[in-house]
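Asks:
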Amino acid sequence: MIKDIQEKILQLKKEQDVCILAHCYQTHDILEIADYVGDSFGLAQNAQKAANKTVMMCGVRFMAETVKILCPEKRVLLPEPDAGCPMAEQIDAQMLSQLKEKFPRHAVVAYINTTAELKTLCDVCVTSSSAAKIIKKMPEDKILFIPDKNLGTYIAKQCPEKEIKTVYGCCPTHAKFSAADVEKARAAHPEALLLVHPECDAQVVEKADFVGSTTEIMDYAKNSPKKEFIIGTENSIVQHLGIDCPEKRFYPLSKDFVCHNMQLTKLSSVLHCLSGDGGEEILMDEKTRLAAKLCIDRMLELGNG
Ligand code: 13P
Ligand code: SF4
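Count the sequence shown with this note's numbering and you get residues 3 to 307, in order.
1) Mind reading off the beta-carbon distance from M220 to H242? Whole number of angstroms is fine, and I expect it under 8 Å.
2) Are the CB atoms of S238 and Y38 within a distance shorter than 7 Å?
3) Let me know the secondary structure DSSP gives E282 once reduced to three states.
4) Which whole runs of the alpha helix (DSSP H) in the stretch 172 to 232 are 4 residues long or more, in chain order?
5) Buried or exposed: which applies to L285, given that a residue is buried once 16 or more other Cβ atoms fall within 10 Å of its Cβ?
6) Please work out which residues of its chain come closer than 8 Å, Cβ to Cβ, to S256, disregarding the five sequence neighbours upstream and downstream, and give them in chain order.
7) In angstroms with no decimal places, state the Cα-to-Cα distance between A95 and Y113.
8) Looking at T116 and A90, is the spacing between their C-beta atoms short of 7 Å?
9) Which of the three DSSP states is assigned to V260 in this structure?
10) Compute the distance between the beta-carbons of I71 and I298, then report whether it is under 7 Å.
11) Could you work out which residue in F212, E165, A46, E119 is closest to I145 when comparing CA atoms only?
12) To the nearest angstrom, how far is it from the Cα of T56 to the Cα of V20?
13) Is F43 helix, strand or coil when you go by DSSP?
14) Straight-line CA distance for I32 to G280?
15) At a threshold of 6 Å, does D246 count as lining the ligand 13P (C-beta to nearest heavy atom)?
16) From K51 to T129, what does the alpha carbon distance come to, in whole angstroms?
17) Tell me whether the beta-carbon of A36 lies closer than 7 Å to the beta-carbon of T68.
18) Suppose you measure from the CA of A53 to the CA of V206; what does that come to, to the nearest Å?
19) Where do the ends of the beta strand (DSSP E) carrying H25 lie?
20) Which residues count as close to the ligand 13P when the rule is a CB under 5 Å from any of its heavy atoms, in chain order?
21) Going by other Cβ atoms of all chains shown within 10 Å of its Cβ, with 16 needed for buried, is Y170 buried or exposed?
22) For T267 and C60, which I take to be in contact (beta-carbon distance under 8 Å), what is that distance rounded to the nearest angstrom?
23) Report the residue from D143, I245, A223, C124 whose alpha carbon sits nearest the alpha carbon of E1.
24) Report the residue from A223, R300, C87, A294 whose alpha carbon sits nearest the alpha carbon of H176.
25) Using DSSP's beta-bridge definition, name the partner residues of M58.
26) Please name the residue, chosen from T29, T290, Q8, I4, that lies closest to H262 on a Cα-to-Cα basis.
27) Based on the DSSP secondary-structure assignment, which residues constitute the bridge partners of R300?
28) In whole angstroms, what is the alpha-carbon distance linking C161 and M58?
29) Shortest alpha-carbon distance to H25 belongs to which of I11, V240, Q100, F43?
30) Assuming I11 is part of the alpha helix (DSSP H), what are its boundary residues?
31) Using only the alpha-carbon positions, how far apart do E75 and L14 sit?
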């Protein structure tokens, strides 16, 4: 059944000249039909590389918006219109304008998990895998980091030479776990290394053996000589690693480590969208697109170099 749907998708995507980009938090059956799978930085890097007329983003809305910002000539599709990132909505343009008035000498660094509208007011965009590198390269010493307080706190430790101001905002999926969850998982799996995403609370990050983005966590686990790992990020990563490395053992930090937005997109959503029976084409006015592009271009310039 899954194979039949995948074959139909591959046929439709060829007929319609569609490139499918998928974030690592998508289910394995979606990763198998994708042209590129990666973390947020990799997805932004690969958006422009696709020669296809249409790009489908299997992930959440801000990722599809990023593709549209970088590739205005392409038709950009989001297979599940309700797949948003709650963190991207936590600060709006009015709140950011007030913060900028309060901190007029700070450069505004936005996590890529923000709306296109908010990006129009930011100086540089970053992702979890590129934030420290980019901030270190910035000439400005004072940084206002929005909206993820946990990622901002982690990055501030990596960049002690910068004065980094964070504001309240967080990923509801990652921020809900505590040191007690780590202790419970470590007691159950004493031989396992703990690999966590920097969107987790500082008390979880402090106890980790490795901290990194989704692809960095996967690469670390694949390349490590160790055999057991507790995964402190969305549970799809446990699924992928279990398939990719059957000789190793992967345990979720919690069975509740689920991003319901990322899991909204099913293989059937991809099929329906390609069949013209669902999904949404991302449209953006040119003024917003051009203004939002500045901070993404700067991210790619500083993050690639
Ligand atoms: P990365 O893929 O950049 O690690 O980001 C994780 C995430 O939560 C995306 O929304
Ligand atoms: Fe947003 Fe968190 Fe889900 Fe990533 S895991 S899409 S940051 S809610």
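C-beta atoms are modelled at their ideal positions from N, C-alpha and C, and glycine is treated no differently.
Replies: Looking at the atomic coordinates:
1) 7 Å between Cβ atoms; contact.
2) no
3) strand
4) 181 to 190, 204 to 207, 216 to 225
5) exposed
6) F179, D183, A187
7) A direct Cα-to-Cα measurement between A95 and Y113 gives close to 15 Å.
8) yes
9) coil
10) yes
11) Considering only alpha carbons, the answer is E165.
12) 5 Å
13) For F43, the three-state secondary structure derived from DSSP is helix.
14) 17 Å
15) no
16) Their Cα atoms are separated by approximately 19 Å.
17) no
18) 41 Å
19) 20 to 25
20) D41, S42, T129, S130, S215, T216
21) exposed
22) 5 Å
23) Limits of the chain in this structure are 3 at one end and 307 at the other, which puts residue 1 out of reach.
24) Looking at the Cα atoms, C87 is the closest of the given residues.
25) I22, L79
26) T29
27) Answer is none; R300 lacks a bridge partner.
28) A direct Cα-to-Cα measurement between C161 and M58 gives close to 35 Å.
29) F43
30) Its alpha helix (DSSP H) spans residues 4 to 17.
31) 21 Å
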